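Here's the structure we're looking at; comments come further down.
Numbering (mature numbering (1 follows the signal peptide of the UniProt record, and there is no 0)), first residue to last: -23 to -1, 1 to 1096.
What follows is the structure in structure tokens.
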């Protein structure tokens, strides 16, 4: 602990002391275009180094140079690059001209190295911080939606929830495929494993690490989508890298203060469709005088038909006398569930202080975000503190530092999935004859039992379902996360040609989670409590030595060599009541000491990992026309066997500017061909080599130790991703039209996952390298300046993405890979098939072609459906039917921005075409008759004279199920227009034939089940067969207007009169247009389960946030 504190103290001391060190020489000036319009954001680079600045809002810049021979390179998108030798000048004003030459924009690449975009042999996408914050987002990643080709983003919904980002499709079968995030040189993992389950087994989404980043601090985001771009990150770059550069004070000449305030109001207006046809109960007793409030069936008496019955809530007199009074059975309407939700409100305020002098620059910022959610008692808060600074010691040494400190948390994060604690599930389970507002007073006996529907005369505390208001208010999942991350970097210029960069990066996270469950919860009647501590520290030490020179007047080259040491130390501890145990000793006293010793469960884990790396890179250019890059990195990982822990990641790429070789006229500003080849990878988690003893629970007062049945493997190899990409970049009509096309293919070998073992082995599975993947995709980006004059500028950008990943090989004995499975359906992929396909159990039909019942549904002897749960045949080939694939055919994004004088309008559209998803919400709700869709399979043939003959005549309807569900023939009892059968025979039956196959494989029919004698009937609506997942599989197509903003920037003279340099106001909204092909009021983007499993996509389970109309106001001011 002392060593850790000493490192922290030293880290802060160096950062603070660096603020007092300053430079000796300075060059400054103003940059404008030929129309004398001042240009902000111009890149000014000291040639041959990575040292550079950008011009401020008024075109001013200031940079330190080592000597009079220094050359400054001025570059700006759409302008000709200029190089100026400093000489004896201390003031250099520059006028940039529109370029008909190559597009020379500077982009940030791997390791934070700035490169000219024209020289790159791979695709790098950039998004500016201004585009990220035009519309306020609680999570910065949401702003990337639709803006970058090759990026797929999913979210579980709601502020602070986990966001999944996948670049160019899946590269691993078992990991979550999330990219590496690098913030100002600090690596930041943001996987999908931040799901807690303490105190009653309640699952909660606490959000990923990237959610700690303040969007208002972001200056630029670079997306390195392929191994060619990310190879220098080695094992961590296998899924791509997202580089985030935060704001500094470089753009501000002198002291400046900026303030930003955003307030977003969200009004829920649409909720998932719900049946309003029946009250609770069974149709076996349609003339009931009292509703069975505890029934899980939703086919009691019909609503809005003039019927009356005794029903909850009961009056005081009814409770006192035990005699109920019948009241009209009426539906509460489609807005009943919506009345549960509250309007959401988010307030975000940022203040920053910036300064830039001839000797130093810095930026200090603070942001406060407060959020109140739709669900009552749900919240989120975040405090961001940041300091970025840059100081020149002398003409050779420059220091940079960045510190980010975040405190985030919530008093209550709502529970997720279908555990009983999810208030959205409980809300959806409320029957339509109950007014949700009658449940707002959720205590029956405060602190003891809920006020929930029950049957008059029964014990009201023995309720069947949880009150959603109780779940929202009395199950509190609080957390508090503190994150300190930062770096200090030193750049030393030995000569004009030789430089050295060294950097120390630190990322320390401490998180406390606390779940409090009050007495009265259905699953934990005596309450529950859980407390956990999660800590993680990662340090990275980097160095990079760079030599740049010319071979002659035609050839320029650069050589670099460096290394990295990464140390990762994670530990966690938890204590909680045992699930399903005796709960708390004293009700609602939430302390660990209030848990009986035999009812408390402890857990702890420690994980350490070290990776040592060396890398080298070089690039050479010929006449600034042909560029070749090469790099190599070698990692030594502590998580791999000693004899197999070294792995090499090479890359090579090249680009050629055809417009420089051939005369293409003034209309072609850039015509670049590029190609890249690289290998990146992915190692395994710590402690996956050897099996060790672990705590497997208690035996009385003694702890039990056992070895996991899932065996480790000390011969495991790293996953290797070999990728090739080809691209064309075009810039036409003096850069008014830009195009970027990329085709890529990657092979991902040595996939690491658990392979099942035979029972005779004594183990369930073992870790193996057992699979290969192949991915192919195409990306396109189009940018256009449609109009540009003194008053009007209209820009438009378009992105297009398509990707397909198939499994090309699996280890012998492994037929398929399961990404998720549930209720006999899931996402399974066999060799040669595409990842993402959805598979269901099969209908069982008579397969004997000689039988008169050939093709009929084969039922068991009780008239129930027989389902075939076999996935593969004896040869390992798939026999289960494919019902869809959650991957889209393609995705497109469209952004447009129109600026007219001081007004600006911007919009971002996102279109997904193709793909399907499974809604487990709909699937489970159909089983309880909570949705009117279940009526689609019920056929009332009460007016047919000869039902068996009619069914045979219409076999395409009744005897050839469409793969969604068996048709049900029949209806309610005779009083309700059903079949006139007596007693228990009232109801429905499944058309088909009851039978079996004998020992010789011959089909033996025992009974036709067509409505004649011997037909097996089942209760209408209570126990009909569980439908196939295809009945709850929906198209995932959508079109979204993700954001729209209209803003006004006050004229400079107006803002100056108010004592400000700049002042702007904007009005914005998000997802104001949200069209889905499915039309079921569920966002296909939420078909993603953040459970920590690698590929839990294409499935939605009670992730049914209401659709809302957000309206936001934003003010930006600078002084």
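No residue lacks a Cβ here, since even glycine has one placed at the ideal position from N, Cα and C. If you're wondering where the values come from, they're calculated on a predicted model, not measured in any experiment.
Hey, quick one: how far does the beta strand (DSSP E) through residue i stretch, first residue to last?
i: residue 1039; result: 1039 to 1053
i: residue 366; result: 356 to 369
i: residue 460; result: 452 to 470
i: residue 245; result: 233 to 247
i: residue 381; result: 374 to 387
i: residue 482; result: 475 to 494
i: residue 794; result: 793 to 799
i: residue 601; result: Premise fails: residue 601 is in no beta strand (DSSP E) and is neither H nor E.
Can you tell which of the options has its C-alpha closest to the C-alpha of residue i?
i: residue 523; options: 1018, 104, 596, 71; result: 596
i: residue 306; options: 268, 521, 85; result: 268
i: residue 1100; options: 361, 843, 410, 903; result: Residue 1100 lies beyond the range of the chain shown here (-23 to 1096); nothing can be said about it.
i: residue 338; options: 224, 946, 205; result: 224
i: residue 533; options: 991, 1087, 96; result: 96
i: residue 710; options: 762, 426, 699; result: 762
i: residue 4; options: 943, 106, 336, 428; result: 336
Go to residue i, then tell me how far its alpha helix (DSSP H) extends in each direction, as first and last residue.
i: residue 635; result: 635 to 638
i: residue 537; result: Premise fails: residue 537 lies in the beta strand (DSSP E), 532 to 554, not in any alpha helix (DSSP H).
i: residue 1018; result: Counting along the chain, residue 1018 falls outside any alpha helix (DSSP H), though it belongs to the beta strand (DSSP E) covering 1015 to 1026.
i: residue 924; result: 924 to 930
i: residue 400; result: 400 to 406
i: residue 1034; result: 1029 to 1034
i: residue 204; result: 204 to 207
Out of curiosity, what's the CA-to-CA distance linking residue i and residue j?
i: residue 159; j: residue 824; result: 58 Å
i: residue 877; j: residue 764; result: 11 Å
i: residue 300; j: residue 290; result: 13 Å
i: residue 547; j: residue 1084; result: 38 Å
i: residue 226; j: residue 109; result: 19 Å
i: residue 1162; j: residue 458; result: With the chain running from -23 to 1096 in the structure shown, residue 1162 is simply not present.
i: residue 606; j: residue 628; result: 8 Å
i: residue 242; j: residue 347; result: 12 Å
i: residue 772; j: residue 366; result: 34 Å
i: residue 960; j: residue 298; result: Note that residue 960 scores 39 on pLDDT, short of 50, meaning its location in the model is unreliable; the coordinates nonetheless yield the value given after this. Taking the straight line joining both Cα atoms gives about 33 Å.
i: residue 1094; j: residue 161; result: 25 Å
i: residue 62; j: residue 525; result: 17 Å
i: residue 1006; j: residue 704; result: 41 Å
i: residue 1152; j: residue 239; result: A query on residue 1152 cannot be resolved here, the shown segment of the chain reaching from -23 to 1096 and no further.
i: residue 849; j: residue 794; result: 12 Å
i: residue 586; j: residue 545; result: 5 Å
i: residue 515; j: residue 485; result: 6 Å
i: residue 1015; j: residue 804; result: 21 Å
i: residue 50; j: residue 73; result: 11 Å
i: residue 28; j: residue 247; result: 52 Å
i: residue 857; j: residue 446; result: 42 Å
i: residue 1009; j: residue 1075; result: 12 Å
Going by other Cβ atoms of all chains shown within 10 Å of its Cβ, with 16 needed for buried, is residue i buried or exposed?
i: residue 1089; result: buried
i: residue 632; result: buried
i: residue 657; result: buried
i: residue 294; result: exposed
i: residue 492; result: buried
i: residue 573; result: exposed
i: residue 563; result: exposed
i: residue 285; result: exposed
i: residue 1050; result: exposed
i: residue 898; result: buried
i: residue 66; result: exposed
i: residue 956; result: With a pLDDT of only 48 at residue 956, under 50, the local geometry of the prediction cannot be trusted, and the value read off the model is given with reservation. Buried, since its Cβ has 16 or more Cβ neighbours within 10 Å.
Could you give the uninterrupted runs of the alpha helix (DSSP H) lying entirely in the segment 86 to 158, keeping only those of 4 residues or more?
Qualifying alpha helix (DSSP H) stretches, in chain order: 106 to 110.
For a minimum of 4 consecutive residues, which ranges assigned as the alpha helix (DSSP H) are wholly contained in the segment 283 to 370?
Fully enclosed alpha helix (DSSP H) runs of 4 or longer: 293 to 298.
Every unbroken beta strand (DSSP E) within the segment 852 to 927, with a cutoff of 3 residues, ordered by chain:
859 to 862, 867 to 877, 880 to 890, 893 to 896
At which residue ranges does the segment 740 to 801 contain complete alpha helix (DSSP H) runs of 4 or more residues, listed in the order of the chain?
none
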